[in-house]
Every structure is written in C-alpha cells, then in structure tokens.
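For what it's worth, full-length UniProt numbering labels the leading residue of the sequence shown as 1, then goes sequentially.
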Amino acid sequence: MEWQDYNYQFEGLQNHLERIVDKKIQLDKFRPIPDYALRSIKESLTIEWTYNSNSIEGNTMTLQETKLVLEEGITIKGKSLREHFETVNHQDAIEYVESLVSPKYQFTTNDILDVHALVLAKIEKDYAGRFRTSGVRITGANFNPPNALKVSSLVDELVDWANNSEMNSLIKAAIFHHRFVWIHPFFDGNGRTARLLFNIIFMKMGFPPAIILKNDRKKYYDALNNANKQDYSKLLLLVLQALERSLDIYLSSLNNTFDDYMNISEIVKEDSVPYGQEYVSLLARTGKIDAFKEGRNWLTTEKAVVEYMQKRSRVRIFKT
1 MEWQDYNYQF EGLQNHLERI VDKKIQLDKF RPIPDYALRS IKESLTIEWT
51 YNSNSIEGNT MTLQETKLVL EEGITIKGKS LREHFETVNH QDAIEYVESL
101 VSPKYQFTTN DILDVHALVL AKIEKDYAGR FRTSGVRITG ANFNPPNALK
151 VSSLVDELVD WANNSEMNSL IKAAIFHHRF VWIHPFFDGN GRTARLLFNI
201 IFMKMGFPPA IILKNDRKKY YDALNNANKQ DYSKLLLLVL QALERSLDIY
251 LSSLNNTFDD YMNISEIVKE DSVPYGQEYV SLLARTGKID AFKEGRNWLT
301 TEKAVVEYMQ KRSRVRIFKT
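Given below as structure tokens:
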C-alpha cells in the first residue's frame, strides 16, 4: 500500500485544513514581523519545543528550569548531567534546523544524520549521527522496527518521498513523522529527531513549528500505534492541533488578542454560548473549533463557538 493511500481522514478535516491555511494568510499579512516581536515569540516557542520534546522522552526538567538552563546557563540542582545536555542539545538542533529551512529546501540523509548528531552530542558519542547497526525493541509499541540492514535504504526512500510527493504538505508532515519513527533509524533520540525534522516541512512553507505537548504524551503514542496499523487520523488531528496552537500564539501576540482566548469553563458562561462544557471540550479536542491547549486546559474564544453554532444552523436549514 502506498503512503498516500493510508487512512488519514477524520470528520471536519477539510474545515480544519482551511482554518489553518486562513490563519497562515493572516500571519503573512504581518510580514515582515518586527524583530522585537519575532524574537520574543520565537524564544518562547523554542523553550516550549525543547521542554515538551525532551519531557516526552522522560527528561524531568520543568519549563522554568529549561528556560533557566537555556537563557541563563544555570545548572539545576538535582537534575542529571544528561538532562542538562539534552536541553542544550535540543536548542542547538533547533538552531540547525532553522538554518536549513528555505522554500526550496530538500531533505538529505546527511542533514538527518547531522540533526541526530546534535540531539545526542556529549551524551551518546558512539551513536550520535550514525544509523543503528542491530535490532531494537520499543517498549509499549505494537510493532518491531525493521531490520538494521534496511535502515539506510528506508531512510533514502523516505527522503525521496518527502521531497517529491505532491501530497498536501500539512498531511505529509504527519505521515513523515510516523514513517521516521517506524523506521527507528537510531539506537536513541529517534522521537526528538522526528519532532525536529517533520517541522521542516511546516517551516519551509512559512508556518511556525508544531509542538507536541508533554501532556498529550499518551494520546501521541496511541496515535503512533494507530498509524502503525495504517490509520493516521488521530496522529494527523494531533499534529494539526499542535500547528494551529502555534499559529494562534503568533496571531494573538501580533494582534494583541490573546485575552480573547479563555478556558472553556469560562466560555460556556457567556450568554451567546448555548452549549455545555463537555460538548465544547469535545469540539476542541476533535478540531472542530478554533482552540488550543495550555497545560491540561483547552482555550477557545466565544467567536469560535458562535461561528460553529451558526454554521451548524445553516447546515440544518439547507438539509431541510
């Protein structure tokens, strides 16, 4: 089965894609973004990206501790040397990935090896930037990665597909992410490397990076396991929500509209919102309204819920 034939459809996918493209158009209207604003947003997202990606893999640094290590060079008491290296390494890897990004960028195997080398710098020097040479098992996964002898050719195949497939790039990024993790080309650092590399597809199009949140770790691994069975719908939804969250952060900062986003428990108190908290939360989780996650809470706007309500009303009238 070809990758483009895998199931990635979910209810509301087209609307979700259109909403993301519309927000990208809104973001483009601010370009060139003033240096001071761009620097502030990028620094914040970079710290979040490093914190969340490392935390998914078991790093115990908090967001504030990650910030102190990266911005102040402070050593955190009680945290291992490896955790400090993971933090600094990921920052270096982000900077390298950003240096690669351009509208015409094409993936290369050497770039993949270079990103991985930065992820494991000073941690696993014998494995950094080198494909694995034996089999591995992944705890909790529902598959066994391919034979080590096939890794190089499978990565070359993935690179060729990423560079030449005409699939919608937002969908392609999610599939690329899974295929990379499935190949599991390295002994260690595969997840962090995948979450760096798949963002190149977004960033070369002018999107901000999509950050998979630590709090979505179980949902993320469940989605990857589903993708191992050729069902990409949950992974694609998670990736699109992560991308939209970053777009919302950019737009709300540039528009000074961040205060419009409120916890769903507050939104449902508005007179114009006839829905209950559980239903609005479901709409947020399934990508049917403009919403993003902060910690364990979903934030949305009154406008997003009202627009959804009005759209549903128009559909009912049309069907009648």
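Backbone N, C-alpha and C fix where the C-beta goes; we use that ideal spot for every residue, glycine too.
Beta-bridge pairing of residue i - partner residues as DSSP gives them
{"i": "K293", "result": "W298"}
{"i": "M262", "result": "T300"}
{"i": "N7", "result": "D231"}
Coarse secondary structure for residue i, derived from DSSP in three states
{"i": "D111", "result": "helix"}
{"i": "N163", "result": "helix"}
{"i": "G191", "result": "helix"}
{"i": "K288", "result": "coil"}
{"i": "residue 325", "result": "Look at the range of the chain in this structure, 1 to 320, and you will see that residue 325 is not part of it."}
{"i": "N54", "result": "helix"}
{"i": "L213", "result": "coil"}
{"i": "H177", "result": "helix"}
{"i": "M61", "result": "coil"}
{"i": "M1", "result": "Confidence in M1 is poor, its pLDDT being 40 and thus under 50, which makes the residue's placement too unreliable to answer from."}
{"i": "S252", "result": "helix"}
{"i": "D22", "result": "helix"}
{"i": "I200", "result": "helix"}
{"i": "A93", "result": "helix"}
{"i": "M205", "result": "coil"}
{"i": "N144", "result": "coil"}
{"i": "N225", "result": "helix"}
{"i": "A121", "result": "coil"}
{"i": "Q106", "result": "coil"}
{"i": "L17", "result": "helix"}
{"i": "D126", "result": "coil"}
{"i": "V268", "result": "coil"}
{"i": "L171", "result": "The question names Leu, yet the displayed sequence has Ile at residue 171. Helix."}
{"i": "I76", "result": "coil"}
Cβ shell of residue i (< 7 Å), same chain only, five flanking positions each side left out
{"i": "W49", "result": "I94, P209, I211"}
{"i": "E57", "result": "G191, R192"}
{"i": "V151", "result": "F131, R132, I183, P185"}
{"i": "A227", "result": "H178, L235"}
{"i": "Q277", "result": "I264, S265, V268"}
{"i": "P146", "result": "L154, I183"}
{"i": "T320", "result": "With a pLDDT of 45 at T320, under the threshold of 50, the modelled position of that residue is not reliable, and the figure given next carries that caveat. Correct list: empty, nothing qualifies."}
{"i": "L240", "result": "H16, I20, L170, G287"}
{"i": "Y308", "result": "L283, K288, I289"}
{"i": "A223", "result": "K234, L235, L238"}
Own chain partners of residue i with C-beta closer than 6 Å, once the 5 adjacent residues on each side are dropped
{"i": "R296", "result": "N215"}
{"i": "E244", "result": "I20"}
{"i": "residue 326", "result": "No information on residue 326 is available, as it lies outside the stretch 1 to 320 that the chain covers here."}
{"i": "D290", "result": "A304"}
{"i": "Y6", "result": "Q230, Y232"}
{"i": "N256", "result": "none"}
C-alpha gap between residue i and residue j, whole angstroms
{"i": "E72", "j": "A37", "result": "21 Å"}
{"i": "E166", "j": "D160", "result": "12 Å"}
{"i": "residue 390", "j": "D271", "result": "Since the first and last residues shown for the chain are 1 and 320, residue 390 lies out of range."}
{"i": "Y51", "j": "N225", "result": "23 Å"}
{"i": "S102", "j": "V268", "result": "42 Å"}
{"i": "V97", "j": "L120", "result": "15 Å"}
{"i": "F318", "j": "A242", "result": "For F318, the predicted model reports a pLDDT of 45, less than 50, meaning its position is unreliable and no value from the coordinates is stated."}
{"i": "residue 335", "j": "M205", "result": "This structure gives no information on residue 335, because the portion of the chain shown stretches from 1 to 320."}
{"i": "T60", "j": "K79", "result": "8 Å"}
{"i": "E124", "j": "N54", "result": "16 Å"}
{"i": "L154", "j": "V88", "result": "30 Å"}
{"i": "S253", "j": "L27", "result": "11 Å"}
{"i": "F158", "j": "K23", "result": "For clarity, residue 158 is Leu in the given sequence; the question names Phe instead. Taking the straight line joining both Cα atoms gives about 29 Å."}
{"i": "I76", "j": "E86", "result": "13 Å"}
{"i": "L45", "j": "A148", "result": "35 Å"}
{"i": "S40", "j": "I33", "result": "11 Å"}
{"i": "I112", "j": "V273", "result": "48 Å"}
{"i": "K122", "j": "G12", "result": "45 Å"}
{"i": "residue 321", "j": "L196", "result": "The structure shown does not extend to residue 321, since the chain spans only 1 to 320, so no value can be given for it."}
{"i": "Q91", "j": "K311", "result": "42 Å"}
{"i": "N144", "j": "V181", "result": "11 Å"}
{"i": "I74", "j": "K42", "result": "21 Å"}
Neighbourhood of residue i by C-beta, 8 Å cutoff - its chain only, sequence neighbours within 5 removed
{"i": "L63", "result": "I47, E48, Y51"}
{"i": "M1", "result": "Confidence at M1 is low in this model, with a pLDDT of 40, below 50, so the placement of that residue should be treated as unreliable; the coordinate-derived value is given next. Counting only Cβ-Cβ distances below 8 Å, and skipping sequence neighbours, we find Q230."}
{"i": "M203", "result": "V97, E98, V101, P209"}
{"i": "S246", "result": "L45, F207, P208, P209, A210, I211"}
Answer yes if the region 108-119 comes into contact with the region 186-193, meaning at least three C-beta pairs across the two stretches below 8 Å, and no otherwise.
-> yes
Are three or more beta carbon pairs between the region 133-149 and the region 163-176 nearer than 8 Å?
-> no
Could you tell me whether the region 119-133 touches the region 221-234, using the rule of 3 or more Cβ pairs below 8 Å?
-> no
Using 8 Å as the Cβ pair cut-off and three pairs as the minimum, do the region 67-83 and the region 97-109 touch?
-> no
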